[in-house]
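Undergrad: Quick one: this structure, given as structure tokens, is what I'll be asking you about.
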Amino acid sequence: MPSTVFTGIAELVTNDAALDGADHTEHLGCLHDAAVVVQDGLVAWVGRAAQAPPADERCEVGGRAVVPGFVDSHSHLVFAGDRSAEFAARMSGVAYDGGGITSSVNATRAAGDDELRALVAARVAEMRAQGTTTVEIKSGYGLSVEDEARSLRIAAEVTSETTFLGAHVVPLEFADRRADYVEMVTGEMLAACAPHARWIDVFCEPHSPHAFTEDEARVVLCAGRDAGLGLRVHGNQLGYGPGVRLAVELGAASVDHCTFLSDADVEQLAAASESTVATLLPGVEFSTRSPYPNARRLLDSGVSIALASDCNPGTCYSSSIPFVLALAVREMGLTPAEALVAATAGSAKSLRRNDIGVIRAGGRADLTVLDAPSYLHLFYRPGVPIARVLEPGCRADHAPLRP
Ligand SMILES: [Zn+2]
């Protein structure tokens, strides 16, 4: 493959703390008048344009900003059906308790493989069009052995970050036999799904009658760990609860939502900041009209945080990381730089990856270009579609930005 040098980068955010000559304020590793050389899908060189080595092709980005591709470390893209009426009902005052998931389960089970595959592909394309280069995808709308395995097979066609979420809710047909369902999830279903999954996840939530208790969640996670899967937890979304404690106890890579945290939860997350990331999903609070988690408190306490979309048909049908970034700054007390780092390096850390979420030689060439001279415009211009993935290979120079 020929090498390409991207030039004309007005501002390059690398997240690379070791980059010589960069501005390391707020951990951004920022360079002005920069260039990046890419070859075979990897970054070969990063630095000032004046020092760029020769490459086979040259692509001018016209004075734009380039940032690490967004890492969306929490999504539920494998589903069929439409729950817009449920959203409208919620906006009219109906409370959310996780029960609406059943309608997505019914529609997903009824969909053919090709239909599901096309729905997932369209959602991934929508994400790329908004700057996302890595997406984690969970199962969880099949809830039978066959439908969970099918969901993960389809997800694995578009990402290596696949998560088995058979313990999303207890399906209706098991409502009065919860123990039987947990036994199936940790037995036959896990055996069918583990070959297609990197992670296992559980909705641990005592405030929903459809989700799983601490004891049930522990059994699910330990079975997944024994099958070789990494651990993730949906926890502390609807109220105070055991999710964070359990995630830290078991060394989960991420505990997601973290909307209601006690002082003890925050202390445990801070002590576990090298291993367990708190993934915040403010699109959910927006779409359910709920209070936002206090991201400022987490960062000030030394907790590692990530930001992701939780794109799903019930509580947040948005695939947009720029939208999440704007919410994190406007509603959760983060600075623009802190939010951008959380949705790139932070979410990469929650996936235990160091080849993404950062722009440095040897890492993946996952670059997102902005129709703006600075990353600040991601926050300054909410709702304006300025971010898109910078496709590898040089098809055409970008027209210069208007002054
Ligand atoms: Zn979720």
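The numbering of the sequence shown is our numbering, which starts it at 3 and goes up by one.
The C-beta atom is built at its ideal place from N, Cα and C for all residues, glycine as well.
Keep in mind that this is a model prediction, so the values were computed, not measured.
Extract the residue ranges of the beta strand (DSSP E) inside the region 135 to 202, only unbroken runs of 3 or more that lie entirely within it.
TA: The region 135 to 202 contains these whole beta strand (DSSP E) runs: 164 to 169.
Undergrad: Pick out every residue whose C-beta is nearer than 6 angstroms to a heavy atom of ligand 1: which are they, in chain order?
TA: Residues flagged by the Cβ proximity filter: H76, H78, H236, D312 and N314.
Undergrad: For T290 and P56, what's the separation of their Cα atoms in angstroms?
TA: What you label residue 290 is simply residue 288 of the sequence shown in a count that begins at 1. What you label residue 56 is simply residue 54 of the sequence shown in a count that begins at 1. So the alpha carbons of these two residues sit roughly 51 angstroms apart.
Undergrad: Between the C-alpha atoms of H76 and T134, what's the straight-line distance to the nearest angstrom?
TA: If you number the sequence shown from 1, residue 76 lands on position 74. If you number the sequence shown from 1, residue 134 lands on position 132. About 12 angstroms.
Undergrad: So is Q1 buried or exposed if we call it buried at 16+ other beta carbons inside 10 Å?
TA: It is not possible to answer for residue 1, since the shown part of the chain is limited to 3 through 405.
Undergrad: Whole angstroms is fine: what's the gap from V257's alpha carbon to Q53's?
TA: Walking along the sequence shown from the start, residue 257 turns up at place 255. Walking along the sequence shown from the start, residue 53 turns up at place 51. Cα-Cα distance, rounded: 42 angstroms.
Undergrad: Could you say if the region 292 to 311 and the region 107 to 123 meet the contact criterion of at least three C-beta pairs nearer than 8 angstroms?
TA: Touching, no, given that fewer than three Cβ pairs across the two stretches are closer than 8 angstroms.
Undergrad: Nearest to V68 by CA position, among A339, G253 and V371, is which residue?
TA: Position 66 of the sequence shown, counted from the start, is the residue given in the question as residue 68. Comparing Cα positions, the closest option is V371.
Undergrad: With DSSP as the reference, label P338 as helix, strand or coil.
TA: For the purposes of this step, residue 338 is taken as residue 336 along the sequence shown, with counting starting at 1. In this structure, P338 counts as helix in the three-state DSSP scheme.
Undergrad: Among V147, E185 and I323, which one has its Cα closest to the Cα of R130?
TA: Locating residue 130 in the sequence shown gives position 128, counting from the first residue. Among V147, E185 and I323, the Cα nearest to that of R130 is on I323.
Undergrad: What ranges does the beta strand (DSSP E) occupy inside the region 215 to 294, keeping only unbroken runs of at least 3 residues that lie completely in it?
TA: Listed in chain order, the complete beta strand (DSSP E) runs (minimum 3 residues) inside the region 215 to 294 are 232 to 237, 256 to 259 and 279 to 282.
Undergrad: Going by CA-CA distance only, name the one from C318, G385 and R152 that's closest to R332.
TA: The residue labelled residue 332 in the question sits at position 330 within the sequence shown. Among C318, G385 and R152, the Cα nearest to that of R332 belongs to G385.
Undergrad: Within the continuous alpha helix (DSSP H) that includes I103, where are the two ends?
TA: Residue mapping note: residue 103 aligns to position 101 of the sequence shown, counting from 1. Start and end: I103 to A112.
Undergrad: Using only CA atoms, which one of A19, L378, P4 and V7 lies nearest to R362?
TA: Working through the sequence shown from its first residue, we reach residue 362 at position 360. For R362, the nearest C-alpha among the options comes from A19.
Undergrad: Can you tell me whether H34 is helix, strand or coil according to DSSP?
TA: As a position in the sequence shown, residue 34 is number 32, starting the count at 1. The answer is strand: DSSP assigns H34 an E or B state.
Undergrad: Report yes if the CB atom of F262 is closer than 8 angstroms to the CB atom of G232, and no otherwise.
TA: Residue mapping note: residue 262 aligns to position 260 of the sequence shown, counting from 1. Residue mapping note: residue 232 aligns to position 230 of the sequence shown, counting from 1. No; because the gap between Cβ atoms is not below 8 angstroms, this pair is not in contact.
Undergrad: In terms of residues, what are the limits of the alpha helix (DSSP H) holding F81?
TA: For this step, residue 81 is matched to residue 79 along the sequence shown. Looking at the DSSP string, F81 is not in any alpha helix (DSSP H), and its letter there is neither H nor E.
Undergrad: Whole-angstrom Cβ separation of T6 and C61, contact assumed at under 8 angstroms?
TA: Along the sequence shown, read from residue 1 onward, the residue named residue 6 stands at position 4. Along the sequence shown, read from residue 1 onward, the residue named residue 61 stands at position 59. With a Cβ gap of about 6 angstroms, T6 and C61 count as contacting.
Undergrad: I need the straight-line Cα distance from V122 to I11, nearest angstrom please.
TA: As a position in the sequence shown, residue 122 is number 120, starting the count at 1. As a position in the sequence shown, residue 11 is number 9, starting the count at 1. So the two alpha carbons sit approximately 32 angstroms from each other.
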